[in-house]
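Residue numbers (this note's numbering), protein chains in the order written: chain A, 1 to 762; chain B, 1 to 430.
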């Protein structure tokens with residue numbers, strides 16, 4: 001079997017050209033395997049996975065060569081992780097020592113997951129569609145309106161724990177339908193194609209004095225008569241007078257309403273509408289100090305012999321407005337409208353003006369310079385409008401809508417900078433600007449980023465820009481979207497602790513708990529603190545409700561503030577309500593879920609999924625005499641060897657935190673039974689309290705925590721899963737950040753400077 | 001081809017000037033009513049002892065609420081989804097159950113890259129006959145919005161939350177807001193406004209189609225699939241615009257929903273109502289309805305259950321859990337019975353809507369504690385396609401669920417050689 005290592009390689013004629021270098025490596029690695037790795041494997045693994053045994057469908061001796069191993073990377077990733085995470089050999093079996101484990105893992109990394117440090121693969125980021133959150137922020141920034149459109153769009157699918165993964169952001173017809181709709185909603189807010197408006201003075205009917213009665217805000221004229229109102233000074237010019245009125249019909253003619261200005265009759269309207277209509281007329285007014293507007297009812301009618309509803313004619317005046325001068329300066333349109341519709345140059349043709357509007361808009365929307373002939377294509381809408389008798393404004397609005405559903409807007413194209421080396425090229429400056437702004441702000445680049453990219457200066461100023469971006473309020477979106485998903489805080493909306501068991505958990509508390517953890521994350525971010533502060537902080541951010549819940553005195557009111565935790569057993573995230581509640585069931589804690597969360601999210605050692613068809617632990621303790629504590633029940637469950645190795649990893653962590661109940665309160669007993677929280681991690685360290693466990697995490701697991709931070713940030717920043725070829729990039733990020741004590745900005749910078757962020761595969 | 005399509009669209013644009021766009025009653029000639037098809041998904045398996053009939057009568061404790069409807073449905077036995085079994089892929093039965101249910105394919109195990117499953121039966125049919133109605137197919141859901149992105153055992157959430165798949169890599173997301181569903185079926189209620197909107201959309205879609213072609217030229221091969229999705233979506237909406245003008249329908253304005261319902265029960269019923277409306281007006285003939293995704297941890301305060309469904313479904317044989325599962329099963333069956341009653345009371349042709357509809361109701365897991373995918377809990381209701389109801393219909397051991405789908409495709413007037421893992425037809429339903 002393994003003796004055949006080098007010989008087998010000679011059969012690989014087709015691949016020789018490609019793997020020429022690889023063969024030399026494979027050769028020496030094969031040698032190393034035979035001499036150093038194989039003996040350990042034979043000793044500790046072959047009882048079940050070799051020499052004819054194939055537990056779990058794994059026969060290690062079925063792999064004759066490194067090339068065969070490389071061809072089955074999926075399996076070897078499992079083998080590697082099972083050894084690295086101490087899932088194998090199972091507990092109670094003879095196991096290799098730490099040094100031997102490390103050796104095997106290193107060999108697998110070098111041989112099966114080899115990465116060439118001189119020529120790293122930046123990987124392929126699948127063309128990313130904006131997700132709903134990004135879409136909403138982008139359209140808001142682009143149009144300058146607070147459009148709420150994310151609810152119109154279909155829910156996004158997610159992968160690798162995040163909802164910005166290119167591969168799963170698919171686009172269905174439903175999306176297209178909704179993008180058209182969302183563009184319409186946003187443009188309705190941003191663009192104003194109504195006729196120009198002028199300053200107007202408006203008075204309600206009830207402000208008129210004279211005849212009639214005031215009823216609500218209206219003036220009711222039940223008999224013939226008139227009422228007047230006095231207005232301010234007006235300038236000379238043409239004015240539009242609008243009266244909103246209605247009438248009760250009776251007799252054989254309509255109610256007659258006369259309007260006079262300064263005592264002079266302007267016109268008489270017949271008011272027929274019982275629900276109210278607007279009656280308009282234009283008047284020429286000279287420059288004058290004051291203005292008297294009079295409304296009169298001219299033809300009252302009353303006949304008791306008529307049936308109810310046909311008996312009495314009345315006039316109701318709701319409102320009068322005088323708008324103008326119509327030949328003066330119209331009112332300014334909204335800022336969002338003016339930002340898009342720039343001022344038209346005198347003598348500019350429709351085409352010229354439309355291009356002047358479209359070019360900057362396209363560049364912003366597509367997050368790159370406008371391509372040759374690109375803006376001109378939109379003139380099609382002008383020709384279409386002209387042939388249908390529509391206005392230039394209509395044409396431009398249609399063109400804007402077309403931009404908003406264009407693939408160049410909806411997808412994030414990330415072209416190379418054109419200077420390509422073997423296998424990879426730098427992404428263009430504009431693509432880099434986009435990557436940065438969606439990473440930290442979940443939106444399109446702002447003017448400054450665009451300007452730097454236009455001048456080819458962003459890459460040179462990366463450090464400064466990152467600092468600026470993190471300090472900008474928009475980085476709050478990084479808290480909501482990155483931390484919200486990494487630490488699963490978004491799931492707080494869905495926690496539903498049982499009302500009988502946890503009556504103390506009030507509806508607002510989920511929001512408070514989320515806010516607490518977000519505040520801590522924000523604090524680390526804005527204070528540029530070491531990221532391990534998330535775990536070690538001996539302070540937290542709470543309001544009165546949470547303080548009471550935690551048993552902390554002296555915090556009053558709804559406002560969140562920094563509060564010391566000295567003298568309490570709580571430290572960092574693992575002592576916060578969000579984590580402790582998220583990882584609990586409705587009626588009890590779940591040590592398994594608590595352990596799993598820590599391994600998956602904080603240590604980047606996700607335990608493999610439970611084997612299929614093995615029932616998970618039940619939620620409720622059996623009632624009656626033979627009732628087991630949760631711990632005893634879990635221990636029984638762990639006796640099953642299928643389950644044991646994995647639970648040995650997860651459970652001690654969860655048990656170490658059992659002093660916190662299912663909604664994060666401190667407790668000494670569980671249902672009358674004293675809690676035993678002592679335990680031993682799979683790596684051998686023993687502890688007797690959550691505090692001691694945390695000390696071990698901070699001391700011995702810092703490297704793993706840092707790795708998790710790097711992996712999660714890189715996944716989020718790239719919008720793709722991390723692959724084996726990213727190992728060096730991740731090592732690099734961890735190393736760089738650790739040199740700065742793991743401070744927050746160092747992580748962001750290291751991610752932004754990493755090969756997969758800076759380059760694209762080609 | 002593209003030229004023809006565009007000419008076609010322009011031709012339609014010209015006819016838009018006609019004054020009355022909202023015609024009263026369908027403009028389609030009155031013929032025999034068409035056959036409709038619906039799929040309704042229940043998550044997390046069932047209380048097996050209570051759900052399945054003990055003998056050959058189509059009744060059981062759980063199915064009690066369907067008592068008055070016994071001649072209108074049958075219980076199906078021995079239909080399996082073998083592709084929902086691990087088959088070497090390890091954990092993740094909930095994701096697989098959901099993803100396999102209408103596709104009959106093994107979901108490629110990935111958290112994101114290279115998602116692959118298969119086209120679902122409803123979409124296979126919709127592609128063939130969907131052009132005959134305003135809306136080719138209607139995907140509904142009452143699942144709450146998703147939050148952070150962690151799903152079952154290394155499977156992307158796309159598998160666990162989508163029932164319908166337009167292609168092997170593109171799901172057809174479902175709608176959960178009844179107002180939007182109504183608008184999709186019947187428009188805004190202002191026919192003139194809708195016509196103007198369609199006209200505007202047509203010229204925009206025409207324009208971006210060209211955008212996409214140019215964009216596509218700049219992409220490397222790995223990303224071309226994305227632009228293919230985009231182009232398909234554009235074409236689909238264009239077709240829908242054409243159909244909206246071709247098949248005009250009276251808007252049942254009094255049934256326009258006014259918002260998101262407060263309770264789960266109301267939400268389920270209003271979505272069933274939307275489905276029935278779509279069928280009744282012949283606005284669509286195909287619909288899927290995900291009551292909740294598999295693995296759903298929803299609690300049921302309305303029936304006094306505060307623990308999550310998924311957690312309870314791992315019952316370990318405990319009576320308390322089994323009892324709660326049965327109550328949840330019954331809750332879902334009660335809503336289904338309400339829907340069948342509604343269909344039965346809706347006239348259609350010379351009979352009622354239930355006479356002309358085929359409805360598959362069930363889930364991709366049999367027992368939540370075992371995560372098994374054989375002899376699934378399934379009902380087949382309605383009399384469309386000459387289904388013979390009021391029975392327990394036994395398949396041979398190991399019959400793929402997808403054989404049923406092949407037979408349903410036939411009855412919808414569609415054609416398919418196979419669906420997922422089908423190996424024949426299941427004709428005992430007639």
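Just so it is clear, CB atoms sit at the ideal spot from N, CA and C, and this is done for glycine as well.
When the beta-carbon positions are compared, residue 416/B and residue 404/B stay at least 8 Å from each other.
In the three-state reduction of the DSSP assignment, residue 110/A falls in the helix class. Under the Cβ criterion (8 Å, minimum of three pairs), the region 198-216 of chain A does not count as touching the region 147-156 of chain A.
Distance from the Cα of residue 462/A is smallest, within the candidate group 183/A, 97/A, 757/A, 677/A, for 757/A. Counting the other CB atoms within 10 Å of its CB gives residue 94/A a total below 16, which places it among the exposed residues. For the region 215-236 of chain B, the beta-carbon criterion of a distance under 8 Å to any beta-carbon of chain A is satisfied by 215, 218, 219, 220, 222, 223, 226, 227, 229, 230, 232, 233, 234, 236. About 5 Å separates the beta carbon of residue 167/A from that of residue 113/B, a gap short enough to meet the 8 Å contact definition. By DSSP's assignment, residue 359/B forms a beta bridge with 38/B, 381/B.
Taken atom to atom, the span from the alpha-carbon of residue 50/B to that of residue 64/B is near 10 Å.
When the five nearest sequence neighbours on each side are left out, the beta carbons in the same chain lying within less than 8 Å of the beta carbon of residue 741/A are those of 530, in order along the chain. For residue 442/A, the number of other beta carbons within 10 angstroms of its own is at least 16, and it is reported as buried. Contact annotation for residue 66/A against chain B: no contact, minimum CB-CB distance about 24 Å [criterion: below 7 Å]. Of the candidates 354/B, 32/B, 38/B, the residue whose Cα lies closest to the Cα of residue 286/B is 38/B.
Residue burial is scored here from C-beta neighbours: residue 112/A has at least 16 other C-beta atoms within 10 angstroms and is therefore classed as buried.
Put simply, the CB of residue 90/B is near chain A, with a gap under 8 Å to one of its CB atoms. Residue burial is scored here from C-beta neighbours: residue 366/A has at least 16 other C-beta atoms within 10 angstroms and is therefore classed as buried.
Taking 8 Å as the CB threshold, residue 494/A lines the interface with chain B. For the region 115-136 of chain A, the beta-carbon criterion of a distance under 7 Å to any beta-carbon of chain B is satisfied by 124, 126, 127. Near chain B, meaning a CB-to-CB distance below 7 Å, the residues of the region 157-176 of chain A are 157, 158, 159, 160, 161, 162, 163, 165, 167, 168, 170, 171, 172, 173, 174, 175, 176. By the beta-carbon neighbour count (other beta carbons within 10 angstroms, threshold 16), residue 42/B is buried. Excluding the 5 residues flanking it on each side, residue 593/A has same chain C-beta neighbours closer than 6 Å at 583, in chain order. In this structure residue 350/A does not touch residue 400/A by the C-beta definition: roughly 16 Å separates them, more than the 8 Å allowed.
Of all residues in the region 108-123 of chain B, only 110, 111, 112, 113, 114, 115 place a beta-carbon less than 8 Å from a beta-carbon of chain A. Here DSSP, grouped into helix, strand and coil, assigns residue 117/B to coil. Assignment of residue 365/B by DSSP, reduced to helix, strand and coil, places it in the coil class.
Residue pairing from DSSP places residue 421/A in a beta bridge opposite 424/A. Contact annotation: in the region 139-150 of chain B, residues whose CB is within less than 8 Å of a CB in chain A are 139, 144, 145, 146, 147, 148, 149, 150.
Any Cβ of chain A closer than 8 Å to the Cβ of residue 306/B would place that residue at the interface, and such an atom is present. Distances from the alpha-carbon of residue 450/A to those of 364/A, 91/A, 632/A, 406/A put 364/A closest. The C-beta of residue 491/A comes closer than 8 Å to at least one C-beta of chain B. The DSSP-derived three-state label of residue 430/B is coil. The C-alpha of residue 500/A is placed about 25 Å away from the C-alpha of residue 515/A. Annotation for residue 185/B: 134, 135, 138, 274, 277, 278, 281, 283, 284 place their beta carbon closer than 8 Å to its own, counting only its chain and skipping 5 residues before and after. For residue 284/A, the pairing in a beta bridge is given by DSSP as 238/A. Per DSSP, residue 400/B is one residue of the beta strand (DSSP E) stretching across 392-400.
Secondary structure of residue 139/B (DSSP, three-state): strand.
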